[in-house]
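Numbering (the numbering used here), first residue to last: 12 to 561.
We treat Cβ as the ideally placed atom computed from N, Cα and C, and that holds for glycine.
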């Protein structure tokens, strides 16, 4: 826009702004980026097409990690599912596959995530509530009954007990006669974000890192197509982080995992292609598109400049996205369909490789079958009717998107430099730095909502005087009794002498620095339980005790 025209426009804009009521929304993104009234080439702030934008499938991957992106193949539609018993979840898996889902994603209940069996006192009231209860290989066999593991990609959202659950998955594949080299999927295996955002940790950070790299090493040799970690920003964002903090803290953790693997003696080529990431897709549509593009570019630069990766395939940031559970509202839950649609669309425009869309009733309960189908149809309509998958990175060159992409990258990099000064991710976690930054952002956001500076439709604006009640899925309390009874019956009929011997061998190996995966695989094969294996490791590796830092 020529200077004289721009000046005329700016004067007209100022005059009209004085004449109309001020909007309540702040003209600033949650990450602190000023939202200008209009963007021009001067605002794009990129170094040049070849340096900062490039082509899809080429460094720095701003426009996507694959040359063909969705023109070659669509993203994996991977709906997160798991509740109650393994049998109930198996039925939901088969239903979603029948409805067109292209990958499985398993949610585990809190006792399973924390390494406790269903009959442990601490598990009471939590069995099967936020995911499926898995106590032993027997449960895992039921969970994947008549699902050929060679033919399906499976993601497992499990961290502290990731090695145990992966061992169970491998054991089932072996029972099916599957070729382990053909198994595809992801195990989250990201304990660092547990200390920051979720709290389902077991072992101290350094011991957790050992288990992470054990899994890297084992899968490299035995399950080479498996993604050995999903470095997660999702839960960091759900805890209250901004988009820039989500990128920064996720990558700080990612840097720590890469460094741990290198200290273990692995080379970049041994594990980097199997790293994956997991991001949140929030409600500020354009900021989220820019976030995904900025993250892809920043990770490529970290791998090239910090770790001296010389192969572009080691610099690619492949990621799964889930729409934001924290933005879903119990008020007017049908509005959540629109929220999820916008969030899903931003992740597709940002170039995700895999996507889960939340169900409209998740602010109230576990997803009902009907709500889960609508969530899946949302992805399918975006893929097949919207046209956004027909061209690669369609928002590239937008003055606003390119400007925000560059600004988010810079803010995130500044955070990473600060974490480096503290001594890295683990030190930043132990000092409470990451937690404080997230809590401060969460506080600001909640304050803005309560003061209606940030408008949430149906919550602080446009409330209805009467709202229809929605039928919700409830996990019957008898499920816990059933699960506990099955667990105790298993303990009676298995070879308990063999179980004890293998658990003792596991403890002995844990006291050395050997790889624990083969011993865990032996233990799960004898039907040792998640709790028993976790207890054996707790006795040697110890437990993490959170330090509360104001």
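6 Å Cβ shell around residue 60 - same chain, five flanking residues per side excluded: Looking up residue 60 in the chain shown gives position 49. At residue 60 the pLDDT is 48, less than 50, meaning the model places this residue with poor confidence and gives no usable figure here.
Please name the residue in 273, 297, 338 whose C-alpha comes closest to that of residue 317. The residue labelled residue 317 in the question sits at position 306 within the chain shown. Minimum Cα distance to residue 317 is reached at 273.
Nearest neighbour of residue 90, chosen from 528, 118, 74, 76 [CA to CA]: Position 79 of the chain shown holds residue 90. Of 528, 118, 74, 76, the residue nearest in Cα terms is 118.
Beta strand (DSSP E) segments (min. 3 residues) lying fully within the stretch 361-413: 365-367
DSSP beta-bridge partners of residue 95: By one-based count along the chain shown, residue 95 stands at place 84. Bridge partners of residue 95: 143.
Assigned secondary structure, residue 334 (DSSP; H/G/I helix, E/B strand, else coil): Working through the chain shown from its first residue, we reach residue 334 at position 323. It is a strand residue.
Reduced DSSP category for residue 86 - H, G, I as helix; E, B as strand; rest coil: For the purposes of this step, residue 86 is taken as residue 75 along the chain shown, with counting starting at 1. It is coil, neither helix nor strand.
Of the choices 333, 158, 268, whose alpha-carbon is the least far from that of residue 279? On the chain shown, position 268 is the one that residue 279 refers to. That would be 268, whose Cα lies nearest to the Cα of residue 279.
I need the DSSP call for residue 213, collapsed to helix, strand or coil. Residue 213 sits at position 202 when you count from the first residue of the chain shown. DSSP places residue 213 in coil when its eight states are reduced to three.
Look at the Cβ atom of residue 288, then the Cβ atom of residue 328, and state whether they are nearer than 8 Å. Position 277 of the chain shown, counted from the start, is the residue given in the question as residue 288. Position 317 of the chain shown, counted from the start, is the residue given in the question as residue 328. Contact: yes.
Give me, in chain order, the residues of the same chain whose beta-carbon lies closer than 6 Å to that of residue 505; leave out the 5 immediate sequence neighbours on both sides. The residue you call residue 505 lines up with position 494 of the chain shown. Closer than 6 Å at Cβ, skipping near neighbours: 538.
DSSP-derived helix/strand/coil call for residue 72: Counted from its first residue, the chain shown places residue 72 at position 61. Correct three-state label for residue 72: coil.
Mapping DSSP to helix, strand and coil, what is residue 238? To locate residue 238, count along the chain shown from 1; it is residue 227. Three-state DSSP puts residue 238 in a strand.
Bridge-paired residues (DSSP) for residue 115: Here residue 115 refers to the residue found at position 104 of the chain shown. In DSSP, residue 115 forms a bridge with 165.
Looking at the structure shown, is residue 137 part of a helix, part of a strand, or coil, going by DSSP? In the chain shown, counting from the first residue as 1, residue 137 sits at position 126. In this structure, residue 137 counts as coil in the three-state DSSP scheme.
Rounded to whole angstroms, how far is the Cβ of residue 200 from the Cβ of residue 156, which I believe are closer than 8 Å? Here residue 200 corresponds to residue number 189 of the chain shown, with the count starting at 1. Here residue 156 corresponds to residue number 145 of the chain shown, with the count starting at 1. That pair is no contact at about 25 Å.
Just to confirm my understanding: we take residue 164, look at its own chain, exclude 5 residues before and 5 after, and list those with CB closer than 6 Å. What are they? The residue given as residue 164 occupies position 153 in the chain shown. Same-chain partners within the cutoff: 114, 195, 196.
Residue 563 lies in the alpha helix (DSSP H); which residues open and close that run? The requested residue 563 is not part of the displayed model; the chain covers only 12 to 561.
Per DSSP, which one or two residues make a beta bridge with residue 291? As a position in the chain shown, residue 291 is number 280, starting the count at 1. Answer by DSSP bridge pairing, in chain order: 333.
Which stretch, first to last residue, makes up the alpha helix (DSSP H) that contains residue 307? Translated into the one-based positions of the chain shown, residue 307 becomes position 296. 296-312 is the extent of the alpha helix (DSSP H) around residue 307.
Whole angstroms is fine: what's the gap from residue 348's alpha carbon to residue 97's? For the purposes of this step, residue 348 is taken as the residue at position 337 of the chain shown. For the purposes of this step, residue 97 is taken as the residue at position 86 of the chain shown. Near 28 Å, if we compare the C-alpha coordinates of residue 97 and residue 348.
So, residue 252 versus residue 449, is the Cβ gap smaller than 8 Å? Stepping through the chain shown from its first residue, residue 252 is reached at position 241. Stepping through the chain shown from its first residue, residue 449 is reached at position 438. Yes; because the gap between Cβ atoms is below 8 Å, this pair is in contact.
Label residue 416 either buried or exposed according to how many other C-beta atoms from any shown protein chain fall within 10 Å of its C-beta, with 16 as the threshold for buried. Within the chain shown, the letter at position 405 stands for residue 416. When all chains shown are included, residue 416 counts as buried.
According to DSSP, is residue 468 part of a helix, a strand, or is it coil? Position 457 of the chain shown, counted from the start, is the residue given in the question as residue 468. Strand.
CA-CA distance, residue 451 and residue 482? The count along the chain shown starts at 1 and reaches residue 451 at position 440. The count along the chain shown starts at 1 and reaches residue 482 at position 471. Distance between the alpha carbons of residue 451 and residue 482 is about 36 Å.
Can you give the beta carbon distance from residue 490 to residue 517, rounded, assuming they're within the 8 Å contact cut? To locate residue 490, count along the chain shown from 1; it is residue 479. To locate residue 517, count along the chain shown from 1; it is residue 506. That pair is no contact at about 30 Å.
Would you check if the distance between the CB atom of residue 401 and the CB atom of residue 82 is smaller than 8 Å? Numbered from 1 along the chain shown, position 390 holds the residue referred to as residue 401. Numbered from 1 along the chain shown, position 71 holds the residue referred to as residue 82. Their beta carbons are under 8 Å apart, which means residue 401 touches residue 82 by this criterion.
Alpha-carbon to alpha-carbon, residue 17 and residue 410: Position 399 of the chain shown holds residue 410. Position 6 of the chain shown holds residue 17. Near 15 Å, if we compare the C-alpha coordinates of residue 17 and residue 410.
Three-state secondary structure assigned by DSSP to residue 432: In the chain shown, the residue the question calls residue 432 occupies position 421. Three-state result, residue 432: helix.
For residue 291 and residue 442, the rounded distance between their alpha carbons: As a working note, residue 442 is residue 431 in the chain shown. As a working note, residue 291 is residue 280 in the chain shown. Whole-angstrom Cα-Cα distance: 25 Å.
Going by DSSP, which residues form a beta bridge with residue 195? Counting from 1 along the chain shown, the entry for residue 195 is found at position 184. Paired residues: 164.
Please report the straight-line C-alpha distance between residue 333 and residue 369, rounded to a whole angstrom. Locating residue 333 in the chain shown gives position 322, where the first residue counts as 1. Locating residue 369 in the chain shown gives position 358, where the first residue counts as 1. Straight-line Cα distance between these residues: approximately 7 Å.
Starting from residue 530, trace the alpha helix (DSSP H) in both directions and tell me its first and last residue. Residue mapping note: residue 530 aligns to position 519 of the chain shown, counting from 1. Residue 530 -> alpha helix (DSSP H) spans 528-536.
Please report the residue range of the alpha helix (DSSP H) in which residue 507 lies. Looking up residue 507 in the chain shown gives position 496. 507-521 is the span of the alpha helix (DSSP H), which, as asked, contains residue 507.
Going by other Cβ atoms of all chains shown within 10 Å of its Cβ, with 16 needed for buried, is residue 49 buried or exposed? On the chain shown, position 38 is the one that residue 49 refers to. Residue 49 is exposed by the Cβ-count criterion.
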